[in-house]
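What follows is a set of notes on a single structure, which appears directly below.
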Ligand SMILES: [Zn+2]
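So, in structure tokens, the structure goes:
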């Protein structure tokens, strides 16, 4: 669907028999990446385990074609940190600002710290944001409701944070990037998460979502919304409609419901309301999840990693599409090599070397000129012997204790893995990776304006 460069790598003109080798270079925007999490600075649960490798993480993302990263703000602190990152990586990193349902206990009187943790002591303790991460070890007290005076202050402070962020654009300090980029591109992450009421009660979550929606609706101009909804669909849609109208007709810039794991009906309703669906590794866990992904229209699709969480695992239903793709790629490569060898053999047979140049061509040709048949057969044999086809890692993966420069850390998902999301979506939907990438790119640019 998008223009792609179909010229062959060696510049040779294609013959009808040639395999459909396109040189499409995928491009990705990770719409949900928690780069403000200290884990990307080598800090795990308040303890430093390895050097700060955030630059490496961003570098790997850019290397695979993920050139735009929308960093999730899910609390005051992480929103501020995300905004700081937009200055560190102008034109590459963009930010959202909001209060995640799992961070919404700040609205409750039992919350004993200042809601803006960057203004209070003991940051180390509070620096690991829960967001979509694993469950906490200590449950929070339930049943003490909403502190309304505190709530008014929180919303006023969030409004100030947003206003300040919107009045500053990011420019490169090195002056090599003259055009300023918007730092803040969305309101959120916010919403409802009834799977994790141990972070924050339903009552407080509903309050947090509702007052933030009112703030989002009052902004002039509005920001697009970055939304989270988990096991809370009916309340989620009801509150959205209360804020923006029954058809969300007052929602000026649209929004995305990220990390989608709901049902096909829920997804349909969100798409009908004009919302986009964010797909990450959590969306591929079961066969039912994958069936839902199959129904996401390309015009409504966005992709994300939600790193450091939500990586695609071999136990996930979606993993098999990566394996399938790998098998296909290997078969295609073997077929191409065989065809090339045949063509080379035929050419060698019919070729009459020009006078005085005998023997020259052979030395000057790349090694693939004469591939012995035996070698091909060996390759085929090896392929057939392999019991479990593996999905290769693009980068080395090491445990955090054995951290090394240039390697990914085991268990810490990062944006360069977004290529897997695109591949799996393509496999599930039976479309090309190019179609997935280009659709998601266009949708994201349209809503968040990150291509300026
Ligand atoms: Zn989320």
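Residue numbers (UniProt numbering): 1 to 452. Here a beta-carbon is modelled for each residue, glycine too, at the ideal position from N, C-alpha and C.
If I measure Cβ to Cβ from residue i and keep anything under 8 Å in the same chain, skipping five residues before and after, which residues do I get?
i           : result
residue 366 : With a pLDDT of 38 at residue 366, under the threshold of 50, the predicted position of this residue should be treated as unreliable, and no value is reported.
residue 184 : 83, 86, 94, 95, 96, 97, 162, 165, 166, 223
residue 31  : 70, 226, 256, 258, 278, 302, 303, 304, 444, 448
residue 7   : With a pLDDT of 43 at residue 7, under the threshold of 50, the modelled position of this residue cannot be trusted, and the question is left open.
Between which residues of its own chain and residue i is the CB-CB distance below 6 Å, once the five residues before and five after are set aside?
i           : result
residue 82  : 36, 71, 73, 95
residue 68  : 29, 450
residue 196 : 102
residue 396 : 407
residue 144 : 108, 109, 110
residue 300 : 271, 276, 277
residue 247 : none
residue 285 : 316
residue 405 : none
residue 194 : 231, 232
residue 417 : 305
Leaving out five residues before and five after residue i in sequence, what residues of the same chain have Cβ atoms less than 7 Å from its Cβ?
i           : result
residue 289 : 261, 283, 317
residue 325 : 423, 427
residue 236 : 191, 192, 229
residue 41  : 52, 54
residue 420 : 312, 322
residue 250 : 217, 244
residue 331 : none
residue 310 : 132, 259, 280, 281, 282, 413
residue 25  : 65
residue 432 : 426
residue 446 : none
residue 409 : 398, 400, 403
Which residue from the options puts its Cα closest to that of residue i?
i           : options            : result
residue 295 : 313, 265, 303, 323 : 265
residue 199 : 106, 185, 254      : 106
residue 238 : 269, 403, 93       : 269
residue 23  : 446, 434, 444      : 434
residue 232 : 263, 431, 212      : 263
residue 220 : 227, 253, 416, 242 : 253
residue 255 : 448, 155, 321, 400 : 448
residue 429 : 445, 339, 321, 414 : 321
residue 57  : 243, 445, 415, 314 : 415
residue 159 : 112, 149, 417, 211 : 211
residue 213 : 194, 234, 243      : 243
residue 234 : 66, 267, 153       : 267
residue 112 : 90, 150, 89        : 150
residue 436 : 89, 347, 297, 61   : 297
residue 157 : 90, 116, 349       : 116
residue 76  : 154, 401, 285, 146 : 154
residue 274 : 401, 241, 287      : 241
residue 392 : 92, 293, 327, 306  : 327
residue 59  : 43, 39, 92         : 92
residue 186 : 194, 215, 307      : 215
residue 38  : 61, 62, 104, 307   : 307
residue 90  : 314, 27, 182, 33   : 182
residue 314 : 402, 148, 27, 411  : 411
residue 329 : 209, 27, 390       : 390
residue 104 : 63, 88, 147        : 147
residue 403 : 27, 33, 43, 349    : 43
residue 61  : 47, 293, 27        : 27
Bridge partners for residue i per DSSP, in chain order?
i           : result
residue 207 : DSSP, once it has assigned bridges, lists no residue as partnering residue 207.
residue 303 : 279
residue 487 : Outside the displayed range of the chain (1 to 452) lies residue 487, so it cannot be described from this structure.
residue 225 : 187, 255
residue 192 : 229
residue 260 : According to DSSP, which records beta bridges pairwise, residue 260 is partnered with nothing at all.
residue 105 : DSSP, once it has assigned bridges, lists no residue as partnering residue 105.
residue 394 : Residue 394 pairs with nothing; no bridge assigned.
residue 43  : 48
residue 267 : According to DSSP, residue 267 bridges with nothing at all.
residue 236 : Residue 236 is not bridged to any residue.
residue 95  : 71, 184
residue 464 : The chain is shown only over 1 to 452; residue 464 falls outside these bounds and no answer can be derived.
Can you tell me whether residue i sits near ligand 2, meaning its C-beta is under 7 Å from at least one heavy atom of the ligand?
i           : result
residue 104 : The model depicted lacks ligand 2 and carries ligand 1 instead.
Check whether the Cβ of residue i lies closer than 8 Å to any Cβ atom in chain B.
i           : result
residue 213 : In summary, chain B is missing from the structure at hand, where a single protein chain is found.
Would you be able to state if there are at least three C-beta pairs under 8 Å between the region 152-168 and the region 200-207? With the cut-off at 8 Å, the region 200-207 and the region 152-168 do not touch.
Any contact between the region 434-451 and the region 46-56? By contact I mean 3 or more CB pairs, one from each, below 8 Å. No: the two stretches stay apart, fewer than three of their Cβ pairs being nearer than 8 Å.
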